[in-house]
Structure formats: structure tokens, C-alpha cells
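Here's the structure, in C-alpha cells; my notes come after.
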Amino acid sequence: MKAIADPEMHVIVQIAPSVRASIGEGFNIAPGLPMTGQSVAALRRLGFDEVFDTQMGADVTIMEEGTEFVKRLNGDGPLPLITSCSSAWMKFAEHFYPDLLPNISTAKSPMSILGTLIKTYYAERKGLDPSKIFTVGAMCCTAKKFEAARPEQLIEAGGQMMPAIDRVITTRELVWMIKNAGLDFAHLPPEDFDPVLGLSTGAGALFGATGGLAEAVYRTAYYLLTGETLVDVVVEEVRGVAEGVKTWTAHIGDMSLNIGVAHGLGNAHRLLEMVRSGEGNFHFIEIMGCPGGCIGGGGQPYARAGEAVPLDLETLKKRAEALRAIDAGKTLKRSYENPDVKRVYEEYLGEPNSPLAHKLLHTHYKPRLPKGVWNPDVLRND
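Residue numbers for the sequence shown follow our numbering, so the first one is 70 and each next one is one higher.
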């Protein structure tokens, strides 16, 4: 709130789809109802100068990660490609799966990608000083606070090194801010996101639920590999929160690609042990650290009003249904169709995985073993 009160700061907030799918629960609204327009309206009334859609960042993530996946299929890097969007999963991987770090996508998360674009592309386009831009992420997960503070996430903007995201607030914290401001959230007239970085496709919404990232990558990878538009975009085999580990074979042209999906770190361990043993011959793996994916994040509303119960299966199902409703309601369902994404590449980045895109939108990870521990069976010496 100090940044909002500072007249010299331009404060920009982005909000994740999983937040919009659950924030209503904090105001006694039944789970499963997306509250996108009301969330945008509330954020403006809280004093944010602009409100952007994290789903737009998700579409860019798909372009980067989908291109990376196609390159690896062509021999440029190890398979399976493992997703990196979940902050909790990445911390877990650094501690317990350092041998698989070369397999993990270097593409940043949607939050970090959008924060980077705000302080670089958007700042240049609008003539803003990046050092006077304060970026906030309204996120479902407490681990996003750690992600934002990673030194690997620092970017160069306006000749200075700075964080892409200055602060992260969770869904519960945002609910508190709205209540503290005395806003009648449920009855706020819906408002749209601000332009330039506000458009998104249905694929971007799917990120918030387990299986959604794999489905979104499939939609774009199909196009990148065949040059054709995928018509049947729904993949029921990877949807659903009841099963902790799901597998599916995608058929793209004459290729059969084995896909693995896991949510919750215990289930991630099960799937990754299959990778270590060579079982399954996977090409692509999606892992979300939280149960159900981002919809079950540690910063989400409690599943039962007045009780510190983090989640239950029925609530997760309804939140996932809310995200699928957003996808179903979108005319554009494939990330490469997003006009804002096209413009960012045409005007600024060049193309997915270009040198500038790699500099700004990709990162790296490192093993985090206890001091004094050296396990040659775990750490590769490449």
C-alpha cells in the first residue's frame, strides 16, 4: 500500500486465473464461479494504476515452452521436458531432483514473464521509467513470494537490475484488502483488463488446474509441428483432480508423444521415479506442487468458511470447472492466436526462443543440497 500511496510510483497489478476462480469464496460466494470482472474492478478501487491478466503471461509462456519442446523433440536438449511454472515444485526439484534439472524447461512462469514484459516492453512503449514501476502479482500460492525474490529472476530494465515482480499478495490477502477497503465485492460492476497486456486465450486459463498446462502446450505444439490448427482442443485424459498421476499419449502427425501429469509433491515423486527408472518413456511432463494445481495453492481461501481447512476435493473440482468455463467462453483457445502475444513478438522479442526472448523470459535453476552433501549419483557433472 506504500507504493500505491507514492505519487511517483506507477503501480501495476496482475491477477492469476486461479485467484479469479476462488476469490468469491472469501465473500461467501459458492465455489466454481469465476469473478474476473469484479476482481479487476476491486483492484482498480484499491488504487492500482493498471490491471493486467496473468493469462496473457501464460500465453507467452506457452509460446516459449512449446517452442522449447519442439526443439527438444528435434534433438536439442534432453527429454522428457518437465514444466517449471510451479514455484513449489521448482524448489522441491532443486532439493530432491537435481539430476533432472537439465530436463526442466527454462521458461519463466506466467507471473514472472508478465512482470518482465511490464518493466521492459510496456515501459518502453509507454515511456515509463522502469525504476518507477512497482509490479504486484495477485497469486494463489505463498511459494510465489519465494519465486519473486529469487536472484535468478532479476532482470535488466532501463540500464538497471531489478526484480520483475516487486510484491506478491495471495488470494486470502487480497480478500482482506478488499474487505478492509469496505468494498461490496459481489456487487461491483464487472470491468475489463487494461489494454496492451490484457488479452488472453482459453489456454492461458487452464494453467490453474492440474493437466491444464499440458493441454495448453499440446494445442500450440500441434500447430508448431504440423502447421495445422488443432480442432478438438479438449483433452479429457489429463483433466480431473481425483487422480494424482495421469498419463496420456498424444498423436501429432506421425508422432506418438507420451505425456505425464502429476499434482501434489507426493504424486510428483511417484511420477519422477518412473522417469528415473525409464518407465513410461515420457516426452513431456507437467508437475504442479499443490493439490489440484494452482487452484489448491497455499494462499487460497479455506475450503470451509470459518475453519482453517485448506481444501477438499469437491472445492477443487468446482474451482477447476471455473477455469474450464473461462476457457470454454473464450473465442481464442490457442496461445499463438493471442493478438497481444503476436504484437509483443513482432514489435519487441522477434520470435519465441529468440536471443532477446531467452535473455528476458528464461531462467536457470541450481541444486540445493545440504552443506557437506555430495552425491555423484544425483548430481551430473556435465
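Here a beta-carbon is modelled for each residue, glycine too, at the ideal position from N, C-alpha and C.
Tell me where the beta strand (DSSP E) around T316 begins and ends.
314 to 321
Grab me the residues of L197's own chain with a C-beta within less than 8 angstroms of its C-beta, minus the 5 sequence neighbours each way, in chain order.
H79, Y191
Could you check what DSSP says for A90 in three-state terms: helix, strand or coil?
coil
Assign G271 to one of three DSSP states: helix, strand, or coil.
Three-state result, G271: helix.
Quick one: grab the DSSP three-state call for T239.
strand
So, helix, strand or coil for Q369, using DSSP?
coil
List the residues that DSSP assigns as beta-bridge partners of P122.
Sequence inspection shows Asp at residue 122; the Pro mentioned does not correspond to that position. For D122, which the question treats as bridged, DSSP gives the partners I84.
Compare the beta carbon distance of V129 and V410 with 8 angstroms and say whether it is the shorter of the two.
yes
Under 8 angstroms by Cβ, that's how I've got I247 and A111 pegged, so tell me the actual separation to the nearest angstrom.
5 angstroms
Just confirm the distance between the C-beta atoms of D118 and G267, as a whole number of angstroms; I'd bet it's less than 8 angstroms.
The Cβ separation is near 13 angstroms, so there is no contact.
Check N327 in the structure and name its three-state DSSP category.
strand
For G206, write down the residues that DSSP places opposite it in a beta bridge.
Q83, V237
Distance, Cα to Cα, N450 vs V413?
The predicted model places N450 with a pLDDT of 44, which falls under 50 and marks its position as unreliable, so this point remains unresolved.
Measuring alpha carbon to alpha carbon, tell me which residue in F353, L385, E163 is nearest G365.
Of the listed residues, the one whose Cα sits closest to G365 is L385.
Which of helix, strand or coil does DSSP assign to P232?
It is a strand residue.
Whose CA, out of S404, A394, C209, lies closest to the CA of V244?
C209
Is it the case that the region 95 to 106 contacts the region 212 to 224, given that we only count it when at least three CB pairs across the two stretches are under 8 angstroms?
Segment contact: the region 212 to 224 against the region 95 to 106, fewer than three CB-CB distances shorter than 8 angstroms; contact not assigned.
Exposed or buried, which one is G95 when buried takes at least 16 other CB atoms within 10 Å?
buried
Please name the residue, chosen from K71, L341, T298, that lies closest to V314 on a Cα-to-Cα basis.
L341
Around the C-beta of Q229, are 16 or more other C-beta atoms found within 10 angstroms, so that it is buried, or is it exposed?
Around the beta-carbon of Q229, fewer than 16 other beta-carbon atoms lie within 10 Å, marking it exposed.
If we count the other Cβ atoms within 10 Å of its Cβ and call it buried at 16 or more, is H352 buried or exposed?
buried
Note the first and the last residue of the continuous beta strand (DSSP E) segment covering F161.
No beta strand (DSSP E) holds F161; the alpha helix (DSSP H) holding it covers 156 to 165.
Should M231 and L183 be called a contact, given that it needs their Cβ atoms to be closer than 8 angstroms?
no
Check this for me: beta carbons of Y434 and L170, under 8 angstroms apart or not?
yes
Can you name, in chain order, every residue of its own chain whose Cβ lies under 6 angstroms from the Cβ of D32, other than the five neighbours on each side?
In the structure as shown, the chain begins at 70 and stops at 451. Residue 32 is therefore absent and cannot be evaluated.
Quick one: Cα of K71 to Cα of K201, how far?
13 angstroms
Excluding sequence positions up to five away, which residues of its chain have a Cβ less than 6 angstroms from the Cβ of E216?
S156, listed in sequence order.
Is M357 helix, strand or coil when you go by DSSP?
strand
If I measure Cβ to Cβ from V109 and keep anything under 8 angstroms in the same chain, skipping five residues before and after, which residues do I get?
I84, V120, P259, E260, D261, F262
Please state whether the Cβ-Cβ distance between A283 and I328 is less than 8 angstroms.
yes
V286 and G135 look like a contact to me (Cβ under 8 angstroms); what is the Cβ gap, rounded to whole Å?
Cβ-Cβ separation between V286 and G135: approximately 5 angstroms, consistent with a contact (criterion under 8 angstroms).
Between K214 and the rest of its own chain, which residues show a CB-CB distance below 6 angstroms, the 5 nearest in sequence each way excluded?
In its chain, beyond the 5 residues on either side, V237 have a beta carbon closer than 6 angstroms to the beta carbon of K214.
Tell me which residue opens and which closes the alpha helix (DSSP H) that I98 is part of.
Neither: I98 is in no alpha helix (DSSP H) and is coded neither H nor E.
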